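Protein chains in written order, with the working numbering: chain A, 1 to 198; chain B, 1001 to 1198. Quick reminder that beta carbons are idealized off the backbone N, C-alpha and C, glycines included. This structure is a prediction, so every number in the text was calculated from the model and none was measured. First up is the structure itself, then whatever we jot down about it.
Following this line, the structure appears as structure tokens:
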């Protein structure tokens, strides 16, 4: 019973993950109360997201230019690469502010179940970078799932005969968490990977 | 750390009610995986929502034309008006499918606390319709809050000296609800408004 434009908007919002019928309706209707400029910017940004956003040719991060801002930054320690699954992981690492290396975005994890093979993700370019860019260390920062472990294992295998140091970020009990509520697997890893206190 | 277009998109999504930082980020990034046509339709619908969507000059419902589809429909019983707060309430009534009258959208409820006075909502036009359109009955279908009751009372007062029948939709226990969980006020109304079973 809504006019066509509203029905279209509802359908568009429903295409997003986690947005159902009711939420889509609410979002579509709230567009009607928005400022002209806000809607204009929104519409243009949506179109730009297809045309302007590319992948950094070096690391695969989202970028509007040939190289992403991090790869362009001359103050970065380019011999340390932090390997992440998605661009949005970079945002988190950058928020800490202490990591000064560069990144490499895989754009996915190896998953035979979902039909994602090593050649489907950005591994080739990582190996090429390691060979060409004088890399000292790669830090594997993928999530600790079957897919993440498989991907980490695969990359480690490929780099077996090189001098590059391969590390992975620590898994264990999150800061501030109550040990009572930690799952046994995490606790086991936390115990195995215990560090010496000085 | 995201490119400008993505940051813009995140900001745009954050303007919607109930959408926070994390959700906005997730939605903005999922735009990158959408089909070109879907994004194009989305962007155009957003712009259209400002230009094409008007209010029906008769009932105040959202419409792309001078009169909304319901007011244009010649098979409607135009002597019965169901008075609702918002356009989206009409969608619910239309889903039942048994109401064949027309509607009137107030576009808000009287609320002295929020500074919404009778002249701020679409009451004048309702009174004008009742005088001009040979209306037999108006059904007040506003929500049972202080604002809803105030608005209903105000409309009833305005129509005191007319022959129009004023009714309001029944309040009581929802179908299928467990009486144990019903608030005392609803139970009181349900008791007062009890109907005879034949």
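As computed with DSSP, residue 55 of chain A is found in a beta bridge with A:62.
Residue contact with chain A for residue 1043 of chain B: present (Cβ-Cβ distance below 8 Å to some residue of chain A). Along the segment 50-62 of chain A, the positions whose C-beta sits under 7 Å from a C-beta of chain B are 50, 52, 53 and 62, read in chain order. The beta-carbon of residue 177 of chain A is placed no less than 8 Å from the nearest beta-carbon of chain B. Closest in C-alpha terms to residue 1158 of chain B, from the list B:1183, B:1130 and B:1141, comes B:1130.
Neighbours of residue 117 of chain A in chain B, taken as residues at a C-beta separation under 8 Å, are lacking, since the least C-beta distance is about 19 Å. Note on geometry: alpha-carbon atoms of residue 40 of chain A and residue 1046 of chain B lie some 8 Å from one another. Residue pairing for residue 103 of chain A: DSSP places it in a beta bridge opposite A:82. DSSP links residue 145 of chain A through a beta bridge to no other residue. Taking 7 Å as the upper bound on Cβ-Cβ separation, chain A lies near residues 1088, 1090, 1091 and 1094 of the segment 1080-1098 of chain B. Residue 137 of chain A carries a strand assignment under DSSP once its states are collapsed to helix, strand and coil.
Nearest CB-CB separation between residue 128 of chain A and chain B: not below the 8 Å threshold.
For the segment 1006-1024 of chain B, the set of positions with a beta-carbon nearer than 7 Å to some beta-carbon of chain A reads 1006, 1008, 1009, 1012, 1015, 1016 and 1017 in chain order. Among the residues facing chain B, residue 4 of chain A is included, as its CB has a counterpart in that chain under 8 Å away. Contact annotation for residue 1064 of chain B against chain A: 3, 4 and 5 [CB-CB distance below 8 Å, chain order]. Put simply, the backbone Cα of residue 1056 of chain B is about 18 Å away from that of residue 1119 of chain B. Those residues of the segment 181-196 of chain A placed with their C-beta closer than 7 Å to a C-beta in chain B do not exist. Contact annotation for residue 31 of chain A against chain B: 1046 and 1049 [CB-CB distance below 7 Å, chain order]. For residue 1168 of chain B, the enclosing beta strand (DSSP E) stretches over residues 1165-1168. Taken through DSSP and simplified to helix, strand or coil, residue 1182 of chain B comes out as coil. Chain order gives the chain B residues near residue 36 of chain A as 1050, where near means a beta carbon separation below 8 Å. When the alpha-carbon of residue 1035 of chain B is set against those of A:10, A:193 and A:50, the nearest one is in A:50. Just so you know, the alpha carbons of residue 1014 of chain B and residue 30 of chain A end up roughly 12 Å apart. Relative to the Cα of residue 1058 of chain B, the nearest Cα in the group B:1104, B:1083, B:1117 and B:1174 belongs to B:1104. For the 8 Å CB-CB criterion, residue 1001 of chain B and residue 147 of chain A do not form a contact. The alpha-carbon of residue 66 of chain A is positioned some 37 Å away from that of residue 174 of chain A.
Under the Cβ criterion of 8 Å, residue 1039 of chain B is counted among the residues facing chain A.
For the pair of segments examined, the segment 134-145 of chain A was found to touch the segment 70-87 of chain A: the number of CB pairs separated by less than 8 Å reaches three.
Between residue 168 of chain A and residue 152 of chain A, the C-beta gap is smaller than 8 Å, which places the two residues in contact.
Taking all protein chains shown into account, residue 1009 of chain B has 16 or more neighbouring C-beta atoms within 10 Å of its C-beta and is therefore buried.
When B:1043, B:1037 and B:1086 are compared, the shortest CA-CA separation from residue 38 of chain A is found for B:1043. With a threshold of 8 Å between beta carbons, residue 27 of chain A makes contact with chain B. Around the Cβ of residue 63 of chain A, a 10 Å sphere holds 16 or more other Cβ atoms; the residue is buried. Inter-residue distance for residue 1190 of chain B and residue 107 of chain A is about 58 Å (C-alpha atoms, whole angstroms).
About 28 Å separates the beta carbon of residue 110 of chain A from that of residue 100 of chain A, a gap too long to meet the 8 Å contact definition.
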